[in-house]
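Numbered by the numbering used here, the letters in the sequence shown go through residues 12 to 99 in order. C-beta atoms are modelled at their ideal positions from N, C-alpha and C, and glycine is treated no differently. Below is one structure; the comments refer to it alone.
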Amino acid sequence: MQFAVYADLSRRLAEHERSTLFEALDADVPGSGCVGLQKGPNDEVYFVLEALSEEQARAQAAHCMNLILQKALVEVEYALTLQRMHAA
């Protein structure tokens, strides 16, 4: 199953943080994703992943987020929202 992952960050990123975080996301997450402002005042990270269950997807998403934040040297908290994607 495919899951859309939305990681709402706890603050707005500086432009260089946004760029560095996207580079880490692009390098480490198959199919890449995006980083930027969405509906709220803070940045959001979006990507898609494959998993057998929502529980597995949540664990995988948290691992990916921790990895890219560490690589980008960005310190920020996040809240994950997952949405199961339906086949077209």
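Just confirm the distance between the C-beta atoms of Ala73 and Phe14, as a whole number of angstroms; I'd bet it's less than 8 Å.
-> Contact flag wrong, Cβ pair sits at about 12 Å.
Candidates Leu36, Val59 and Ser64: closest to Leu84 by CA position = Per the Cα distances, Leu36.
Does any C-beta atom of chain C lie closer than 8 Å to the C-beta of Ser64?
-> Absent from the structure: chain C. Only one protein chain is present.
State the DSSP-derived secondary structure class of Glu55, mapped to helix, strand or coil.
-> Strand.
Among the residues of its own chain, which have a CB less than 6 Å from the CB of Phe58, if the five just before and after it don't count?
-> Cβ neighbours of Phe58 beyond the five flanking positions: Val16, Val40 and Gly44.
Could you pull out every unbroken beta strand (DSSP E) segment of at least 3 residues lying fully inside the segment 28 to 52, listed in chain order?
-> The beta strand (DSSP E) runs lying completely inside the segment 28 to 52 and spanning 3 residues or more are 44 to 48, given in chain order.
By a C-beta neighbour count over all protein chains shown, 10 Å radius and 16 as the cutoff for buried, is Glu61 buried or exposed?
-> Exposed is the call here.
Close-in-space but distant-in-sequence residues of the same chain around Arg22 (CB under 8 Å, 5 per side omitted) = Only residues of its own chain outside the window of five on either side were considered, and among them Asn53, Asp54 and Val87 have a CB closer than 8 Å to the CB of Arg22, listed in chain order.
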